[in-house]
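Residue numbers (this note's numbering): 23 to 985.
Virtual Cβ for every residue (Gly too), placed ideally from N, Cα, C.
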């Protein structure tokens with residue numbers, strides 16, 4: 023399996039003990055001189071010779087030496103530096119490529135230092151030892167360099183983590199300072215364990231402050247980590263946790279994996295992690311992005327931040343080992359941000375060597391030719407300058423303090439000189455080709471770069487300066503796949519589902535029209551309250567019906583007010599107010615209607631009450647009792663379990679505008695703990711009220727006075743209201759998550775029920791009053807069905823008292839009856855006079871015959887008048903008006919001439935007719951004036967035998983005696 027350029031290596035780390043520290047050098051016997059493994063290869067030897075390396079001899083344990091050729095005339099004393107790095111020619115060994123790639127940069131630095139005579143009269147003598155990135159071989163190379171080589175003042179190198187850590191841990195015993203240019207493992211940052219270790223390359227942990235700065239720049243405060251189970255990556259993750267701690271940035275989820283990252287990726291998605299900080303090598307990176315594609319964790323809503331030290335086109339080497347298509351992998355990778363140290367500074371500033379980083383890069387490329395390149399070459403170049411400047415400061419310190427001691431006097435037991443070298447390296451501060459070279463506790467405070475994967479290539483988008491702690495984002499270089507940077511979590515924006523303002527306006531307009539109609543009915547009812555039709559329909563009760571309808575209309579305005587119009591506290595108050603208004607309005611309207619019907623039922627159903635007057639005050643008491651029941655229920659409801667504002671949250675929905683947020687709809691409700699129980703009580707009471715109204719309407723269906731009987735319209739109202747309420751309640755319950763639909767249904771049901779009820783009550787009256795105002799009051803006979811225990815019979819009864827209007831009408835009829843009785847009395851007198859005259863003067867029969875024959879017929883019809891209807895009571899009056907009585911002494915012109923039948927008017931004939939007509943007249947007339955009943959079989963029957971016998975007034979006694 024191919025190894026990554028920074029793959030961590032595990033293995034034992036034995037310590038090399040210095041002389042005098044637990045052992046003697048003599049314990050390890052010197053081995054015969056033989057070529058070192060690194061230079062035993064002829065190709066490597068040829069490369070070293072071509073680059074100007076001139077080993078002083080073939081004593082390979084002392085290393086291959088460079089720096090002796092081309093010395094300035096005054097540079098006579100070499101300063102040996104131990105170079106430890108992998109130098110094998112294996113193409114599969116990535117670490118060896120690093121070593122071979124930095125050699126041209128090292129050569130350039132030593133040439134420039136030598137040409138500037140920076141260490142005059144000394145020159146650097148770098149002796150290379152091949153560690154082969156193997157713990158045992160690296161340890162042996164280090165031991166051979168100490169045993170067989172000259173006294174090395176410092177150690178330069180250290181690429182492989184395990185080899186470097188073994189050697190760095192023992193440096194304190196040898197008083198040697200080591201400077202690495204490629205060891206990035208965070209473990210080496212432990213100064214208690216590795217006090218003499220320095221490195222010009224930033225540690226892997228150095229990217230964490232840069233990541234923190236990037237998170238703050240884009241205000242990402244919630245992240246997740248995905249880490250490969252390798253010590254090196256785990257150490258970076260642990261350090262990142264410490265960096266983010268206390269910075270108001272939450273690590274919401276920490277996931278790790280060994281081989282299959284898909285499970286960890288799913289967990290990250292399940293925890294709604296949007297910003298993922300990854301730590302894994304190239305091979306695992308391919309698997310991670312394949313899983314991310316499968317889980318749709320890419321695109322505008324997600325941001326991946328991963329190591330940036332992968333090789334160029336790294337995914338092509340591992341795509342075949344995954345089950346992911348290349349286009350899918352690239353789609354998931356698009357936009358990821360890589361974080362790594364900056365190989366070369368981008369600033370156009372001259373460095374310590376007098377060259378800009380760009381000039382140095384050109385010289386390096388020319389020097390290496392077609393050879394292997396390494397991204398660590400700038401750090402190796404600056405490392406040589408660090409060593410030179412450290413030795414220069416040590417020389418100045420020795421010259422200033424102890425002129426008798428020289429740097430060449432150093433040996434592995436000279437703790438004083440070793441401490442001087444250590445302090446001098448800690449003071450390093452100059453601008454090199456990789457940026458400002460400064461050490462803080464032995465760690466390089468370097469420059470971190472940010473790159474972004476854009477269209478199959480990595481583009482530099484920003485830079486972090488660790489020394490100044492500043493982040494610089496290149497303008498318009500970062501391309502987020504959305505309109506804005508991804509959010510660090512799913513931004514849940516609670517959105518109140520409110521009633522549409524146009525819908526509320528339309529329904530409010532309809533409500534206002536309904537209230538205007540109700541006001542018109544109220545005006546009509548008040549204006550015509552003295553009309554017989556309106557009087558008989560109880561105008562006070564009509565006013566209550568209109569009031570109840572208007573209260574129901576008013577509740578619509580309150581049902582449409584939600585959180586978009588009023589505050590939460592006001593909305594909670596409206597919950598109670600609108601319930602009270604609708605309940606009271608319903609009871610007022612239908613209670614008044616049913617009370618009217620009850621009065622009709624009480625009068626016509628119960629014969630005993632036919633002479634009892636039921637006034638409107640009693641009906642008002644009935645309506646008040648119904649309202650009192652409502653108030654009791656509502657007050658108990660409010661005190662025991664009042665309505666509260668509750669918020670119901672629904673599932674998240676995508677933003678319709680395409681923004682990277684999720685909409686969580688919320689809806690306000692008026693609810694309480696036992697909502698079902700209270701609604702059941704109210705519905706039960708209203709249902710019983712409706713059933714009672716239906717019963718009254720059915721019982722009074724046969725009452726034939728339209729002005730009194732509203733049973734047909736009550737039935738229609740109850741039917742429409744019942745059906746609409748059932749349908750409205752069901753639809754309203756099913757659409758409780760859609761406030762517009764629910765409000766529309768509730769408002770239309772209230773408008774329809776109120777409108778249809780008012781129209782059924784008042785429109786027929788309005789039409790009747792305009793067309794035929796007397797039609798509703800002409801039919802005075804009621805057909806009323808009364809169920810008896812033994813038989814069913816239909817009886818007719820007169821209306822004795824219905825209401826105050828009926829009482830007033832009854833008084834009018836009694837007055838008219840009295841007038842007619844007085845008229846009868848006058849006719850009786852006339853009849854008596856006629857009778858007397860007939861007895862005295864037979865010639866006056868012609869007058870009787872011609873002028874009073876119709877009056878006698880009128881008297882005979884008085885009995886029928888007492889039982890006639892309203893339309894029959896004016897017969898006598900109309901007849902008298904049409905046939906006024908003739909004056910005495912006049913005669914009919916038609917009778918002036920003699921005719922053949924004149925003998926029928928002879929006194930004999932007249933006497934004979936009178937003897938027959940007068941007893942009949944006497945027999946028929948007496949009952950109407952309180953005399954003998956008309957049902958008597960003969961005039962000889964005693965008047966006391968009739969139940970209708972009344973005392974005969976004196977005037978009538980005269981008439982009877984005369985007859």
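### Message
Could you tell me the alpha carbon to alpha carbon distance between residue 583 and residue 272, rounded to whole angstroms?
### Response
To locate residue 583, count along the chain shown from 1; it is residue 561. To locate residue 272, count along the chain shown from 1; it is residue 250. Cα to Cα, residue 583 sits roughly 41 Å from residue 272.
### Query
Per DSSP, which one or two residues make a beta bridge with residue 479?
Within the chain shown, numbered from 1, the residue matching residue 479 stands at position 457. 476.
### Message
Excluding the 5 residues flanking residue 754 on each side, which residues of the same chain have their C-beta closer than 7 Å to its C-beta?
### Response
Taking the chain shown and counting its residues from 1, the one referred to as residue 754 is at position 732. Only 764, 767, 768 meet the Cβ criterion.
### Task
Apply the 10 Å Cβ neighbour rule to residue 331 and answer buried if 16 or more other Cβ atoms are within range, or exposed otherwise.
On the chain shown, position 309 is the one that residue 331 refers to. Result: buried.
### Query
Taking just the CA atoms, how far does residue 833 sit from residue 649?
Here residue 649 is taken as the residue at index 627 of the chain shown, counted from 1. Here residue 833 is taken as the residue at index 811 of the chain shown, counted from 1. If I take the Cα positions, the gap works out to 36 Å.
#### Entry: Under 8 Å between C-beta atoms of residue 514 and residue 452
Numbered from 1 along the chain shown, position 492 holds the residue referred to as residue 514. Numbered from 1 along the chain shown, position 430 holds the residue referred to as residue 452. No, the Cβ-Cβ distance between residue 514 and residue 452 is not below 8 Å.
### Query
Would you call residue 380 buried or exposed, if buried means 16 or more other Cβ atoms sit within 10 Å of its Cβ?
Position 358 of the chain shown, counted from the first residue, corresponds to residue 380. Exposed: under 16 other Cβ atoms inside 10 Å.
#### Entry: Contact belief for residue 646 with residue 608 at Cβ below 8 Å, rounded distance in angstroms
The count along the chain shown starts at 1 and reaches residue 646 at position 624. The count along the chain shown starts at 1 and reaches residue 608 at position 586. Actually they are not in contact, since the Cβ atoms of residue 646 and residue 608 sit about 15 Å apart, beyond 8 Å.
### Query
So which of 691, 344, 240 has the shortest CA-CA distance to residue 283?
To locate residue 283, count along the chain shown from 1; it is residue 261. Measuring from the Cα of residue 283, the nearest candidate turns out to be 344.
### Query
Looking only at C-alpha atoms, which of 464, 206, 564, 597 sits nearest to residue 616?
Walking along the chain shown from the start, residue 616 turns up at place 594. When each option's Cα is compared against that of residue 616, the closest is 564.
### Message
Using only CA atoms, which one of 739, 781, 669, 707 lies nearest to residue 761?
### Response
Within the chain shown, the letter at position 739 stands for residue 761. Among 739, 781, 669, 707, the Cα nearest to that of residue 761 belongs to 669.
### Query
Would you call the CB atoms of residue 128 and residue 490 closer than 8 Å?
Position 106 of the chain shown holds residue 128. Position 468 of the chain shown holds residue 490. Their beta carbons are not under 8 Å apart, which means residue 128 does not touch residue 490 by this criterion.
### Message
Could you give the first and the last residue of the continuous alpha helix (DSSP H) run that contains residue 700?
### Response
The sequence position of residue 700 within the chain shown is 678, counting from 1. Its alpha helix (DSSP H) spans residues 697 to 721.
### Message
Let me check one thing: in DSSP terms, what residues is residue 789 bridge-paired to?
### Response
Counting from 1 along the chain shown, the entry for residue 789 is found at position 767. In DSSP, residue 789 forms no bridge with anything.
### Query
Alpha carbon to alpha carbon, what distance is there between residue 359 and residue 691?
For the purposes of this step, residue 691 is taken as residue 669 along the chain shown, with counting starting at 1. For the purposes of this step, residue 359 is taken as residue 337 along the chain shown, with counting starting at 1. Taking the straight line from one Cα to the other gives about 47 Å.
### Message
Given a cut-off of 8 Å on the beta-carbon distance, is the pair residue 746 and residue 774 in contact?
### Response
Along the chain shown, one-based indexing puts residue 746 at 724. Along the chain shown, one-based indexing puts residue 774 at 752. Contact: yes.
### Query
Looking only at C-alpha atoms, which of 552, 575, 522, 566 sits nearest to residue 537?
Indexing the chain shown from 1 puts residue 537 at position 515. Checked all of 552, 575, 522, 566; the closest Cα to residue 537 is 575.
### Message
Rounded to whole angstroms, what is the Cα-Cα separation between residue 535 and residue 681?
### Response
Along the chain shown, read from residue 1 onward, the residue named residue 535 stands at position 513. Along the chain shown, read from residue 1 onward, the residue named residue 681 stands at position 659. The alpha-carbon atoms of residue 535 and residue 681 are separated by roughly 43 Å.
### Query
Does DSSP put residue 771 in a helix, in a strand, or in coil?
Residue 771 sits at position 749 when you count from the first residue of the chain shown. Residue state, collapsed to three classes: helix.
### Query
Helix, strand or coil: how does DSSP classify residue 340 here?
Here residue 340 is taken as the residue at index 318 of the chain shown, counted from 1. Residue state, collapsed to three classes: coil.
### Task
Could you name the residues of the same chain whose beta carbon sits closer than 6 Å to that of residue 688, not counting the 5 residues immediately before and after it, in chain order?
If you number the chain shown from 1, residue 688 lands on position 666. The answer, listed in chain order, is 516, 518, 669, 671.
### Task
Go ahead and pull the three-state DSSP assignment for residue 506.
Against the chain shown, residue 506 aligns to sequence position 484. Coil, per DSSP.
### Query
Are there 16 or more other CB atoms within 10 angstroms of the CB of residue 296, so buried, or fewer, so exposed?
Reading the chain shown from its first residue, position 274 is the one you call residue 296. Buried, since its Cβ has 16 or more Cβ neighbours within 10 Å.
### Message
Whole angstroms are fine: how far does the CA of residue 352 sit from the CA of residue 235?
### Response
If you number the chain shown from 1, residue 235 lands on position 213. If you number the chain shown from 1, residue 352 lands on position 330. Rounded to whole angstroms, residue 235 to residue 352 spans 27 Å at the Cα level.
### Task
Within 10 angstroms of the Cβ of residue 625, are there 16 or more other Cβ atoms? Answer buried if so, exposed if not.
Position 603 of the chain shown, counted from the first residue, corresponds to residue 625. Buried, because 16 or more other Cβ atoms sit within 10 Å of the Cβ of residue 625.
### Task
Count the CB pairs spanning the stretch 173 to 189 and the stretch 154 to 162 that are closer than 8 Å, and state whether there are at least three.
yes
### Task
Determine, using beta carbons only, whether residue 324 and residue 508 come nearer to each other than 8 Å.
For the purposes of this step, residue 324 is identified with residue 302 of the chain shown, where counting begins at 1. For the purposes of this step, residue 508 is identified with residue 486 of the chain shown, where counting begins at 1. A contact, by the Cβ cut-off of 8 Å.
### Task
Give every residue of the same chain whose Cβ lies closer than 6 Å to the Cβ of residue 163, excluding the five residues on either side of it in the sequence, and list them in chain order.
Translated into the one-based positions of the chain shown, residue 163 becomes position 141. Answer for residue 163: 151, 153, listed in chain order.
### Backbone secondary structure at residue 362 - three-state DSSP
Position 340 of the chain shown, counting from 1, holds the residue named residue 362. Residue state, collapsed to three classes: strand.
### Query
Is it right to say residue 658 is buried, meaning 16 or more other beta carbons lie within 10 angstroms of its own, or is it exposed?
Locating residue 658 in the chain shown gives position 636, where the first residue counts as 1. Exposed.
### Message
Using the Cβ count rule (16 or more neighbours within 10 Å means buried), how would you classify residue 557?
### Response
Start at 1 with the first residue of the chain shown, and residue 557 comes out as number 535. Answer is buried; the Cβ neighbour count reaches 16.
### Task
Output yes or no for whether 8 Å exceeds the beta carbon distance between residue 363 and residue 481.
Residue numbering aside, residue 363 sits at position 341 when the chain shown is read from its first letter. Residue numbering aside, residue 481 sits at position 459 when the chain shown is read from its first letter. Contact: no.
### Task
Drop a sphere of 10 angstroms on the beta-carbon of residue 376, count the other beta-carbons inside from all chains shown, and report buried for 16 or more, exposed for fewer.
Here residue 376 is taken as the residue at index 354 of the chain shown, counted from 1. So residue 376 counts as exposed.
### Task
Could you tell me which of 636, 684, 703 sits nearest to residue 656, measuring between CA atoms?
Within the chain shown, the letter at position 634 stands for residue 656. When each option's Cα is compared against that of residue 656, the closest is 703.
### Query
Assuming residue 406 contacts residue 135 under a Cβ cut-off of 8 Å, what Cβ separation, rounded to an integer in Å, is found between them?
Position 384 of the chain shown, counted from the start, is the residue given in the question as residue 406. Position 113 of the chain shown, counted from the start, is the residue given in the question as residue 135. Confirmed, Cβ separation roughly 7 Å.
### Query
Does any heavy atom of the ligand PLP sit closer than 7 Å to the C-beta of residue 164?
This structure lacks the ligand PLP; in fact it carries no ligand of any kind.
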